[in-house]
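Report on the structure given below.
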Amino acid sequence: MAIFVVSDIHGHARAFDRALELAQPGSDDTVFVLGDMVDRGPDPLGVIDMVRALPNVRVLMGNHEEMLYESLESGDERDKLTWHMNGGYTTYEQLEQLPRDRYVDVMDWLVNLPTFAVVEVDDHRPSAARGDRRSYLLAHAGVDAPRLRASLDALGVSHSEAAGYAAATPDELLAAMIEQDVNDLLWIRREFWSMPTGLVGTSGLGPVVVAGHTPSISMPRFASLMCGSGVDEDLRGVMVEVGCSRDTGGVADRVCIDCSAAAGHPSGRVGIMRLEDRRVWLADIEEGE
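Under UniProt numbering, think of the first position of the sequence shown as 1, with each following residue one higher.
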């Protein structure tokens with residue numbers, strides 16, 4: 001069973017469908033969707049339908065799902081205007097056209113989405129030793145790394161310069177993630193991408209954080225130690241590993257999987273990554289999509 005991750009589809013159902021066709025997750029694989037399914041693009045509810053139809057799917061909340069629910073729940077025109085200014089108008093129109101029972105079903109599903117997940121996978125990257133396993137922390141925007149380290153320390157997790165927090169079990173990582181502020185999990189940006197997490201040691205071992213939220217084409221404004229520029233030779237969004245340094249044994253401690261779908265054509269893409277080997281499949285957003 002493999003673990004796939006995707007984030008920030010932003011209503012681009014056709015590109016998402018093509019990305020799935022390229023990656024071809026099997027019925028025994030798990031697909032994690034790290035939020036921001038809605039807004040910006042032309043078919044947000046189409047994306048939600050596709051996501052919910054996937055076998056073994058796990059979905060996290062993004063800041064756009066939070067804006068959607070809070071603006072409709074409050075009924076405040078200012079909240080609704082803020083949401084619409086952030087690309088929510090098409091989502092609002094599609095929701096308004098739903099039958100009442102379908103509307104309630106979608107809203108109940110959205111509001112109950114979790115804000116983080118922890119997975120552990122076999123590390124099949126060429127640089128990994130046989131039998132290596134790696135924990136990944138999944139959240140829409142990122143984590144408050146100092147707070148996370150403090151939580152792990154309070155749990156008595158062993159830490160060293162060489163191994164980082166590689167000794168942390170998935171259950172311990174989940175317990176530490178519970179202590180995160182939800183606003184950080186949904187909205188954090190510069191504080192997360194600009195500084196090492198301190199989770200990975202000089203041996204290259206330790207948990208890696210996977211997040212979206214910040215479009216790859218904008219990453220140079222926020223991140224340091226990027227492994228690439230955030231775009232390819234055609235200036236289209238790509239996934240970006242961040243944090244490779246001597247302190248991490250040359251291993252990225254963060255991965256941005258937001259391939260800038262929010263920008264639409266011509267720079268936006270929807271990307272899917274398989275965590276075991278970090279293979280990536282990218283689908284361009286075509287004109288009119």
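Where is the CB? At the ideal position from N, CA and C, for every residue including glycine. A quick note: this is a predicted structure, and the numbers were derived from the prediction, not measured.
- Every alpha helix (DSSP H) stretch that sits fully inside the UniProt domain "Calcineurin-like phosphoesterase" (1 to 157) and reaches 4 residues is listed by chain position as 13 to 23, 44 to 53, 63 to 74, 77 to 83, 89 to 96, 100 to 111 and 145 to 154.
- Just so you know, the alpha carbons of residue 121 and residue 18 end up roughly 25 angstroms apart.
- For the pair residue 208 and residue 252, the CB atoms are nearer than the 8 angstroms cut-off.
- Contact between residue 115 and residue 173 fails: their C-beta atoms lie close to 14 angstroms from each other, not under 8 angstroms.
- In this structure, DSSP gives residue 229 a state outside helix and strand, which the three-state scheme calls coil.
- For residue 285, the three-state secondary structure derived from DSSP is coil.
- A residue is called buried once 16 or more other Cβ atoms fall within 10 Å of its Cβ, and residue 180 is buried on that count.
- Sequence-distant partners of residue 187 (beyond 5 residues in either direction) whose C-beta falls short of 8 angstroms from its own C-beta, in its chain, are 63, 141 and 213.
- Secondary structure note for residue 177: its alpha helix (DSSP H) is the uninterrupted segment 170 to 178.
- In the DSSP annotation of this structure, the continuous segment of the beta strand (DSSP E) that includes residue 241 starts and ends at 240 to 242.
- A Cβ-Cβ separation of about 19 angstroms leaves residue 5 out of contact with residue 285 under the 8 angstroms criterion.
- By the neighbour-count definition (other C-beta atoms within 10 Å, threshold 16), residue 151 is a buried residue.
- Cβ neighbours of residue 217 within its own chain (closer than 7 angstroms, five residues either side excluded): 230, 231, 237, 260, 263 and 267.
- Distances from the CA of residue 281 to each of 249, 239 and 254 were compared; the closest alpha carbon is that of 239.
- When secondary structure is reduced to three states using DSSP, residue 182 falls in the helix class.
- If you check the CB distance, residue 145 and residue 202 do not come in under 8 angstroms.
- Comparing alpha-carbon positions, the option among 16, 235, 227 and 223 lying closest to residue 44 turns out to be 16.
- Note: residue 270 is bridge-paired with 283 in the DSSP secondary-structure output.
- Taken through DSSP and simplified to helix, strand or coil, residue 218 comes out as helix.
- DSSP places residue 223 outside both helix and strand once states are collapsed to three, so it counts as coil.
- Separation of the CB atoms of residue 87 and residue 40 is rounded to 4 angstroms, and the pair is thereby assigned contact status at 8 angstroms.
- Residue 160 has 164 as its beta-bridge partners, per DSSP.
- Between residue 270 and residue 48, the CB-CB gap reaches or exceeds 8 angstroms.
- Scanning its chain for C-beta atoms nearer than 8 angstroms, with the 5 sequence neighbours on each side dropped, one finds around residue 279 the residues 273, in chain order.
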